Each structure stands twice: as C-alpha cells, then as structure tokens.
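Read left to right, the sequence shown gives residues 2 to 691 (my numbering).
Quick reminder that beta carbons are idealized off the backbone N, C-alpha and C, glycines included.
What you are looking at is a predicted structure, and each value in this text was computed from that prediction instead of being measured.
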Amino acid sequence: MAIIAPPLTRRGDVTETLHGVEITDHYRWLEDGADPETQAWTDAQNSRTEKLLGGLAGRVRLEHRLSELLSVGTVAGGGMRDNRFFYLKREGGQNQPILYVRTSLHGEERALVDPNSLSAEGLTALDWYEASTDGAFVAYGCSDNGDEWSTLRIVDSDTGATLAEAIPRTRYSSVAWLPDNSGFFYTRYPDPGSVPPGEEEYNSHVFWHALGTEAFADTKIFGEGRSPQDTYDLRISPNGHWLVIIAHDGWARSDCYLRDLRNAGKPIVTIAEGIDALFDTPHFAGDALLIRTNWEAPNYRIMRINPSEPDPSYWEVAVTERPNRAIENFSVTLAGIVTIDVEAAISRLCVHSDNWGNQHDLRLPGLGTVTGIDGDEAHQWIVVGYTSFESAHELFMFDVFNGERFPLAPVPPVAGFDPDAIEVHQVHYPSRDGTRISMFIVHQRGIRLDGDNPTLLTGYGGFNISEGPEYRAALPAWLERGGVFALPNLRGGAEYGETWHKAGMLGNKQNVFDDFICAAEWLIAGGYTRPERLGIAGGSNGGLLVGAALTQRPELFGAVYCAVPLLDMLRYHHFSIAKLWVPEYGSAEDPEAFRWLHAYSPYHRVIEGTAYPATLIATGEQDSRVEPLHARKMVALLQHATCAGEERPILLRSESLAGHGAGKPLSKRVAEAADQWGFLGWRLGVDWEE
C-alpha cells in the first residue's frame with residue numbers, strides 16, 4: 002500500500018503552571034472546532050484516513066459481510082404497563098428502531114413512534130420513552146445528528162396521535178406520570194441564554210407538566226439550590242400518593258426524597274441525604290418504598306421504607322446482601338421481588354417470594370447478561386432483556402411462578418452465523434498488585450491457538466458499569482477469520498459490587514489500566530497471540546483506557562482503535578457535560594487529583610521519539626458528551642511524536658453528523674464498522690479477501 006504522509010500540523014505553545022508544575026500544550030488551538038483552521042485540518046486528516054482505509058485489500062468483501070450482520074433486526078427497551086406491552090424494534094435495513102405497542106400479550110403490534118419517517122438519512126433517533134401507568138400515553142424524546150438533546154413529545158397509545166406538547170431540553174428525561182394521566186413530573190435542562198454560557202449543559206431541575214398546557218407554564222418543583230451537576234430519577238407510587246426523587250451526584254452516591262402528592266403543603270420527606278452511598282432504583286409495594294442501596298452493603302441490598310417513618314432506624318431489609326452476588330436492578334411482581342444479580346460477571350434472575358425470604362433463580366437461556374427487567378405488583382409476567390456472546394439481544398416474557406418464558410418479539414437469525422460454532426471461556430489472571438481479574442475469551446470452536454492468533458482486547462472499567470457476555474453485531478466477521486476476542490472485567494466496573502467500582506475510580510484509576518495491560522501480557526504469555534497481532538479497542542471511558550495503555554505500554558500492541566475518547570485529563574472538565582464525571586475521575590483544579598490525573602493522562606504521557614503502534618482515533622463532531630477536541634489533539638501529538646513513521650500510521654476519523662454513538666443510523670454504523678475492523682485486520686494480519 003502506498004504511504005500517505007499526514008498533513009502538516011501547526012504547533013503552538015500555550016504554557017501554564019498547575020500546582021507548581023509547568024504544562025505546555027502545543028495543540029490548544031485544535032480545541033476550537035468552529036475555527037476554519039481546525040475544520041480544514043480535520044478535513045485533511047479525514048481525507049488521508051479515507052484514502053488509506055478505503056483502499057484496503059478485501060474492503061468490499063468486509064463491508065458486505067458487516068452489512069449482512071448489522072442489518073439483522075433488533076429488539077430492545079421492553080416495558081409493560083397494565084395490559085400494554087412496549088418495545089423498540091428495528092427491521093433489517095431500517096436505520097432506526099421504531100417504538101411498538103401491543104394491547105395484549107399475544108396481540109398485534111402497532112407502530113407508535115417511527116423516527117425513520119422524520120429523517121430520510123436516518124439522523125433522527127428515539128432516545129428514550131416512558132409510558133403512563135396504564136400505558137394510554139407515552140412520553141418520548143427524539144434528537145438529531147447524534148447530539149442527544151431531545152425534545153419531549155406525547156403520543157396516544159390507542160390512536161397513535163401525537164399531542165401538542167413539544168418540550169425542548171429534555172435530554173434523557175426522567176418522567177413520572179400521575180395514575181389519572183392528568184400530567185407528569187419530568188426533568189429538564191435550562192435554555193441557552195437563561196444561564197451563564199456553558200451552564201445550560203447542567204442545572205437539570207424537576208418540573209410538573211399538566212397535560213394539554215404550554216411548557217412555559219410548567220412549575221419547577223425540585224432542584225433549586227442544589228449542585229448544578231446533580232441529575233434526577235423520578236417515580237410515582239401506583240396509587241399516586243408519593244413521588245420519589247433520586248438525586249445523583251456522580252456514580253457512587255445519591256440522595257433520596259419523597260413528596261406527598263396528596264398533601265401539597267407538606268415539606269418534602271428526606272429518606273437519605275449526605276451519605277456516601279447509592280440509593281436508587283425506586284419501586285413501590287403498596288405505599289411502601291423499596292430501594293436498592295450499597296449503604297453498609299457493598300454488594301447491595303433492598304430496603305423497605307414506610308414513608309411515615311422515614312428514619313433509617315425503621316427501615317426493613319427486603320432482600321439481603323449476598324457475598325457472591327451484586328444486585329444490579331430489580332422489579333416488583335405478583336410473586337414478590339425479582340432481582341438482576343451479577344455473579345462472576347454473569348447475570349442471574351432471582352425471585353424473592355414468601356415475604357421475600359425464599360429465593361430461587363429463573364432459568365435464563367444461557368450464560369449471558371440481563372439488560373433490563375420490568376413488571377408490576379398485579380402481574381406474574383415480567384419483561385426481561387437478555388443477550389450473550391452467542392445470541393443477539395432478545396426480549397422475553399417470564400412467568401415468575403413457574404419460570405415459563407417466550408419471546409415478546411422474536412429476533413430473526415443472523416445470516417451465516419452459527420452460535421454453536423462459538424466457544425466462550427472465562428479465565429482469571431493476576432493484575433499488577435495481585436488482584437484476581439476475570440476475563441471472557443471468545444473464538445471459533447476448534448481453532449488452533451498457537452501464539453500467533455489475531456486478537457482483539459477491549460474493556461471499559463468505570464462508572465459502575467458491568468461488562469458481561471453481550472452480542473456484538475460485527476464480531477462474527479472477526480471470529481470467522483480466526484480472530485480471538487478478549488473482554489476482562491476491570492476494576493471500576495460493577496461486576497463485583499461497589500468495592501470493585503471504587504477500586505477503579507479517582508486515585509485508584511491506575512488499577513484499571515494495570516488490569517488491562519496485565520490482560521494483554523497474560524494473552525501473550527498464555528500462547529494466544531504476540532504483540533504484533535494484538536489489538537486493543539475501547540470507546541468513551543474505554544477510549545481513555547486504550548489511550549492509557551497505548552502511552553504506558555506501546556510495545557505491547559500492534560494496533561489501537563480509540564473511539565470518542567477522553568484523553569486530555571487535565572482539561573476534560575472544562576468542556577460539554579464533563580463536570581458530571583468529576584466524582585469519578587477528579588479534577589485537575591484539586592491538587593491531589595491533579596497528581597494522579599497528570600500521572601496517567603494519555604495526552605500528557607506521549608513521549609517524543611517513541612515507536613507507537615498504528616492507531617485509529619474516531620470521533621463525532623456532534624458529540625455532546627466527550628468533545629472531539631480530545632481526538633484531534635491526540636492525533637496531532639502522536640503524529641509529531643512517533644518515530645515509527647508511516648509504516649504505523651496515526652489516523653483520525655471524524656464524522657460531521659454524528660455524536661457519541663447513540664442513535665447512529667444503520668448506514669453510518671456499517672461504514673464505521675468497516676473502517677474499524679478493516680483497520681484492525683490490516684494491522685493484525687487478517688485476510689478479509691479469502
């Protein structure tokens with residue numbers, strides 16, 4: 002392949018002193034995405050990337066296979082309200098999932114919200130929805146171009162008619178309907194210009210909206226005087242008596258409040274405030290509040306709280322903490338509480354009946370991940386989302402009394418993919434400090450593991466998020482070519498409870514990178530691969546992960562795919578919604594946090610004259626979570642610093658009409674996957690032409 006040199010990049014010198022340390026940033030000018038010079042530079046980088054990746058051997062065959070794999074229909078987002086059932090489904094070649102409803106368990110489905118009809122290019126996405134208590138109405142939010150700044154609208158489930166409501170600034174709004182459908186409580190961000198510049202990304206508040214009225218008349222009922230970074234989850238008791246408000250401060254602590262809706266003059270009841278623990282996932286059993294918490298229970302327990310006696314001394318344990326399982330989510334059913342538990346990074350579905358003292362597991366289709374659960378006190382059926390490495394995401398109806406299950410909306414088989422031909426192992430290895438880390442390894446059954454297998458290692462390790470068995474639509478293309486896939490359960494996640502999460506956040510973040518690097522070393526020492534055939538990939542916080550691995554151990558990897566990443570950890574908190582992540586990472590404005598951030602910040606660990614592996618950094622110009630400036634600055638710095646030359650190119654892939662990834666249309670996902678897997682295959686020796 003012909004060598005294409007990167008465009009020349011101007012170096013500037015912005016020097017500042019932070020806590021006595023002099024920091025020079027040569028590419029500060031690339032932070033301004035609206036500057037014509039930055040835009041011209043981005044266009045030149047994109048042109049180079051397109052020429053290199055578009056001309057790869059086997060590109061056409063790879064793109065065809067990926068189109069087959071990604072065009073298979075999907076179902077997700079299942080929920081039930083009374084006798085109505087809701088879910089998101091995308092047929093074959095459709096760009097976006099459609100919201101459907103059924104008025105009985107086996108009834109005919111009807112489309113309620115079709116974002117494909119709102120944009121011919123598929124650039125309008127349905128971000129979220131929340132049905133009313135009886136399912137008669139659905140509030141939903143759509144956004145454009147991947148920016149996730151949705152507008153709330155209402156659809157009538159019976160007629161399909163869209164009501165007059167159009168409430169902007171409702172990014173992933175939490176909505177709680179009154180049982181009589183007269184209105185709802187919801188969360189909303191301020192309009193630009195109503196607060197100081199930049200603050201419109203924060204300052205979410207809780208509002209009351211009466212159905213059929215103008216949004217400007219909505220009453221603000223909670224959030225005034227609280228931290229601008231607080232975010233809220235809402236739920237109303239089925240009898241309409243109580244509104245519960247969960248106020249989140251990051252991913253490790255939250256407060257909980259109750260508002261008496263029958264006595265508007267009464268002060269808000271404080272359930273938990275100022276405690277260094279999580280109180281979340283609220284449900285009601287009659288008038289009693291059920292809440293998940295890791296307070297004095299790092300693997301979580303569920304507490305039963307009488308609103309008239311909110312002091313913790315009166316709380317009762319509804320589901321006890323268990324040493325080998327972490328409670329991830331739960332729902333209330335006719336049979337009692339059903340919990341999603343995580344045991345050794347694998348999901349279990351457990352029914353707690355007989356006044357919640359008797360426990361038994363429901364049988365899942367295999368060793369996989371339960372992605373969601375929804376039920377209510379009046380029904381024995383629950384909606385369960387499920388996936389595994391071998392099976393695409395499905396929605397099942399489970400009878401909690403006898404364990405019977407059937408698909409709510411069947412998923413068509415994946416073309417040319419045989420789940421029985423896939424082999425999955427869970428292994429364990431020691432991290433740098435001796436901590437035992439679990440890891441999933443996936444490959445074709447019967448493959449010869451000879452130390453020369455092209456291998457992709459990925460991970461996340463943060464924000465209390467579990468990384469378990471999950472179907473990845475493009476992965477079969479890799480496995481079919483003899484590739485190995487590895488997913489370690491890094492500290493910072495939720496696989497082993499809150500202790501595991503805290504071991505990978507703030508000043509412990511280096512543990513996450515050590516866990517990942519040790520996984521790479523284990524794969525090499527274990528005879529799976531060698532550095533030249535080992536690639537790493539990650540997105541968002543996982544982009545930070547691979548950026549840290551790239552700069553700390555560049556000799557370990559043959560290729561790096563880094564998507565929508567955080568990379569300048571000294572300045573990340575100045576942009577977009579990133580102040581929300583300060584409780585997870587810390588801020589360079591704090592002297593102690595500066596010390597650990599400066600020690601691992603990938604942008605500040607690039608060393609001139611180092612032979613860095615070939616790297617593709619991908620971003621979206623409409624990303625409203627992680628600013629694309631991270632990708633631009635890192636590409637410029639790596640291109641300047643590497644001594645490996647164009648035999649190991651540093652590439653930028655920047656999409657103009659795309660964001661962090663949510664809501665990306667099928668056509669863009671196929672093109673993105675072709676670039677990602679084409680690049681990895683090229684660098685790791687996979688022949689896509691066979």
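Original post:
Comparing alpha-carbon positions, which option in R302, L124, F86 lies nearest H732?
Top reply: Since the displayed the chain opens at 2 and closes at 691, residue 732 lies outside it and no answer follows.
**OP:** Look at the alpha carbon of N403 and the alpha carbon of L476, and state the distance between them as a whole number of angstroms.
**Re:** Reading the sequence shown from its first residue, position 402 is the one you call residue 403. Reading the sequence shown from its first residue, position 475 is the one you call residue 476. Rounded to the nearest angstrom, the two C-alpha atoms are 35 Å apart.
Original post:
Would you say G34 and P489 are within 9 Å of each other, going by their C-beta atoms?
Top reply: Position 33 of the sequence shown, counted from the first residue, corresponds to residue 34. Position 488 of the sequence shown, counted from the first residue, corresponds to residue 489. No, Cβ-Cβ distance for G34 and P489 is not below 9 Å.
**OP:** Let me know the secondary structure DSSP gives W30 once reduced to three states.
**Re:** As a working mapping, residue 30 is identified with position 29 in the sequence shown. In this structure, W30 counts as helix in the three-state DSSP scheme.
Original post:
With burial defined as no fewer than 16 other Cβ atoms inside 10 Å of the residue's Cβ, what is the status of W357: buried or exposed?
Top reply: Position 356 of the sequence shown, counted from the first residue, corresponds to residue 357. Note that W357 scores 49 on pLDDT, short of 50, meaning its location in the model is unreliable and no value can be drawn from it.
**OP:** Answer yes or no: do L567 and G548 have a C-beta to C-beta separation smaller than 9 Å?
**Re:** Position 566 of the sequence shown holds residue 567. Position 547 of the sequence shown holds residue 548. Result yes, Cβ atoms of L567 and G548 sit closer than 9 Å.
Original post:
On the three-state DSSP scale, how would you describe A564?
Top reply: Residue numbering aside, residue 564 sits at position 563 when the sequence shown is read from its first letter. Residue state, collapsed to three classes: strand.
Subject >> Among F558, D591, L581, the one whose alpha carbon lies nearest that of R254 >> reply: Counted from its first residue, the sequence shown places residue 254 at position 253. It is L581 whose Cα lies nearest to the Cα of R254.
Original post:
What residues in its chain sit with their C-beta under 7 Å from that of E344, if we drop five residues either side in the sequence?
Top reply: Here residue 344 is taken as the residue at index 343 of the sequence shown, counted from 1. Excluding positions up to five away in sequence, the list reads N325, R326.
Original post:
DSSP beta-bridge partners for T321?
Top reply: In the sequence shown, the residue the question calls residue 321 occupies position 320. Partner(s): none; T321 has no beta bridge.
**OP:** Return helix, strand or coil for S144, following the three-state DSSP convention.
**Re:** As a working mapping, residue 144 is identified with position 143 in the sequence shown. Looking at S144 - three-state DSSP - the assignment turns out to be strand.
Subject >> Contact the stretch 387-395 vs the stretch 457-477: 3+ CB pairs below 8 Å >> reply: yes
**OP:** Count the C-beta pairs between the stretch 118-125 and the stretch 55-69 that are closer than 8 Å, then say yes if the count reaches three, no if not.
**Re:** no
Original post:
Closest by CA to P614, which one among E585, K669, G679, R534?
Top reply: On the sequence shown, position 613 is the one that residue 614 refers to. Ranking the options by Cα distance to P614, first place goes to R534.
Subject >> CB of S432 within 9 Å of CB of D515, strictly >> reply: Your numbering for residue 432 matches position 431 in the sequence shown. Your numbering for residue 515 matches position 514 in the sequence shown. A contact, by the Cβ cut-off of 9 Å.
Original post:
Ends of the beta strand (DSSP E) at Q40?
Top reply: On the sequence shown, residue 40 is found 39 positions in, with the first residue counted as 1. Per DSSP, Q40 belongs to no beta strand (DSSP E); it is in the alpha helix (DSSP H), 37-55.
Original post:
With which residues is S332 paired in a DSSP beta bridge?
Top reply: Locating residue 332 in the sequence shown gives position 331, counting from the first residue. Answer is V339.
Original post:
For T10, which beta-bridge partners are listed by DSSP?
Top reply: For the purposes of this step, residue 10 is identified with residue 9 of the sequence shown, where counting begins at 1. Looking at the DSSP assignment, T10 forms no beta bridge with any residue, so it has no partner.
Original post:
Which term fits I155, buried or exposed, when burial requires 16 or more other beta carbons within 10 angstroms of its beta carbon?
Top reply: In the sequence shown, counting from the first residue as 1, residue 155 sits at position 154. Classification for I155: buried.
**OP:** Tell whether a beta-carbon distance below 9 Å holds between G78 and G373.
**Re:** The count along the sequence shown starts at 1 and reaches residue 78 at position 77. The count along the sequence shown starts at 1 and reaches residue 373 at position 372. In this structure, G373 lies closer than 9 Å to G78 by Cβ.
**OP:** Go ahead and label R754 buried or exposed: buried means 16 or more other beta carbons lie within 10 angstroms of its beta carbon, across all protein chains shown.
**Re:** Outside the modelled stretch of the chain, which goes from 2 to 691, sits residue 754, for which no answer is possible.
Original post:
Anyone know if the C-beta pair for L546 and G682 falls short of 9 Å?
Top reply: Taking the first residue of the sequence shown as 1, we reach residue 546 at position 545. Taking the first residue of the sequence shown as 1, we reach residue 682 at position 681. No.
Original post:
Whose CA, out of I272, D181, P532, G80, lies closest to the CA of E395?
Top reply: Mapped onto the sequence shown, residue 395 falls at position 394. For the residues I272, D181, P532, G80, the minimum Cα distance to E395 belongs to G80.
Original post:
If you compare alpha carbons, which of F397, R236, E622, V425 is closest to D44?
Top reply: Taking the sequence shown and counting its residues from 1, one reaches residue 44 at position 43. When each option's Cα is compared against that of D44, the closest is E622.
Subject >> Local conformation of Q230 per DSSP, three classes >> reply: Taking the sequence shown and counting its residues from 1, one reaches residue 230 at position 229. Coil at Q230, not helix or strand.
Original post:
Cα separation between A612 and L54?
Top reply: The sequence position of residue 612 within the sequence shown is 611, counting from 1. The sequence position of residue 54 within the sequence shown is 53, counting from 1. In a straight line, the C-alpha of A612 is about 21 Å away from that of L54.
Subject >> Backbone secondary structure at C257 - three-state DSSP >> reply: On the sequence shown, position 256 is the one that residue 257 refers to. If DSSP states are grouped into helix, strand and coil, C257 belongs with the strands.
Subject >> Those residues which DSSP pairs with Y430 across a bridge >> reply: In the sequence shown, the residue the question calls residue 430 occupies position 429. In DSSP, Y430 forms a bridge with I438.
Subject >> Collapsed DSSP secondary structure at K221 in the structure displayed >> reply: Residue mapping note: residue 221 aligns to position 220 of the sequence shown, counting from 1. Strand.
Subject >> Assumed close pair L244, R260 - CB separation to whole angstroms, cut-off 8 Å >> reply: Counted from its first residue, the sequence shown places residue 244 at position 243. Counted from its first residue, the sequence shown places residue 260 at position 259. The Cβ separation is near 4 Å, so the contact holds.
Subject >> Proximity to F418 [Cα-Cα], best of Q46, L71, S183, I5 >> reply: In the sequence shown, residue 418 corresponds to position 417, counting from 1. Per the Cα distances, L71.
Original post:
What do you get for A632, buried or exposed, if any count of 16 or more other CB atoms within 10 angstroms of its CB means buried?
Top reply: To locate residue 632, count along the sequence shown from 1; it is residue 631. Answer is buried; the Cβ neighbour count reaches 16.
Original post:
How many Å lie between S133 and L235 at the Cα?
Top reply: Working through the sequence shown from its first residue, we reach residue 133 at position 132. Working through the sequence shown from its first residue, we reach residue 235 at position 234. Each residue's Cα considered, the two are about 13 Å apart.
**OP:** Return helix, strand or coil for D624, following the three-state DSSP convention.
**Re:** Along the sequence shown, one-based indexing puts residue 624 at 623. Coil, per DSSP.
Subject >> For P408 and R1, the rounded distance between their alpha carbons >> reply: Since the first and last residues shown for the chain are 2 and 691, residue 1 lies out of range.
**OP:** Have a look at the DSSP bridge pairing and note the partners of P408.
**Re:** Translated into the one-based positions of the sequence shown, residue 408 becomes position 407. Bridge partners of P408: F397.
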